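**Q**
So this is what it looks like as structure tokens:
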């Protein structure tokens, strides 16, 4: 007659490598997360030239917006886009729609160039970077008597 011996630890030896791996993984994860300190904040850069001018109306962008006003138009040919600001990789940060019939175009272009230079100086002083995504000019259309940026995917006519 065969004698059957029951080993209470029979299955444990098969799980020993997996248990060791699991415990090692848990310990490694907890070691990485305990006493973790956030990275030190970068030192603030010296303030760049002030963006706001001495004009009581505010900064350059506010002056541009004030000159554009409501951008009234009667026809799409009166609507134009104005590139605003400067991205660190090049190109404008945004576009604004304006009307040639209600806004002094030469003054707007001069202010936009000044704003572009101010933004470029700020980016250079701070070391700011961007995603370098190209932002195409959306064009402007006359909708309900107001110049507006053309909807995405629909170029201005």
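In this note's numbering, the protein residues as written are 936 to 1092.
A virtual CB, placed ideally from N, CA and C, is assigned to each residue, including glycine.
The model shown is predicted, which means the values in this text are computed figures rather than measured ones.
Let me check understanding here. Comparing Cα to Cα, which of 1049, 1077, 1085 lies closest to residue 1009?
**A** Working through the chain shown from its first residue, we reach residue 1009 at position 74. Of the candidates 1049, 1077, 1085, the one whose C-alpha sits nearest the C-alpha of residue 1009 is 1077.
**Q** Helix, strand or coil: which one does DSSP assign to residue 978?
**A** One-based indexing of the chain shown puts residue 978 at position 43. Caution applies to residue 978, whose pLDDT of 42 falls short of 50 and renders its modelled position unreliable; the value that the coordinates give is listed next. If DSSP states are grouped into helix, strand and coil, residue 978 belongs with coil.
**Q** Just checking, does the stretch 1020-1039 make contact with the stretch 996-1007 on the three C-beta pairs under 8 Å criterion?
**A** They touch, by the three-pair rule.
**Q** Short check: CB of residue 1024 to CB of residue 1065, under 8 Å?
**A** Start at 1 with the first residue of the chain shown, and residue 1024 comes out as number 89. Start at 1 with the first residue of the chain shown, and residue 1065 comes out as number 130. Contact flag set, yes.
**Q** Beta carbon of residue 1043: closer than 7 Å to some heavy atom of the ligand SAM?
**A** The ligand content of the structure shown is nil, which means the ligand SAM is not present either.
**Q** Does the distance from the C-beta atom of residue 1047 to that of residue 1084 stay below 8 Å?
**A** On the chain shown, residue 1047 is found 112 positions in, with the first residue counted as 1. On the chain shown, residue 1084 is found 149 positions in, with the first residue counted as 1. No.
**Q** Measuring straight from C-alpha to C-alpha, what distance separates residue 1055 and residue 1086?
**A** Taking the chain shown and counting its residues from 1, one reaches residue 1055 at position 120. Taking the chain shown and counting its residues from 1, one reaches residue 1086 at position 151. Going by the C-alpha atoms only, they are around 28 Å apart.
**Q** From residue 1079 to residue 1060, what distance separates their C-alpha atoms?
**A** The residue labelled residue 1079 in the question sits at position 144 within the chain shown. The residue labelled residue 1060 in the question sits at position 125 within the chain shown. So the two alpha carbons sit approximately 42 Å from each other.
**Q** Where does residue 984 sit, in a helix, a strand or coil, going by DSSP?
**A** To locate residue 984, count along the chain shown from 1; it is residue 49. Residue placement at residue 984 cannot be trusted, given a pLDDT of 37 that sits under 50; the coordinates are not used to answer.
**Q** Residue 1045 to residue 1067, Cα distance in whole Å?
**A** In the chain shown, the residue the question calls residue 1045 occupies position 110. In the chain shown, the residue the question calls residue 1067 occupies position 132. Going from the Cα of residue 1045 to the Cα of residue 1067 covers about 25 Å.
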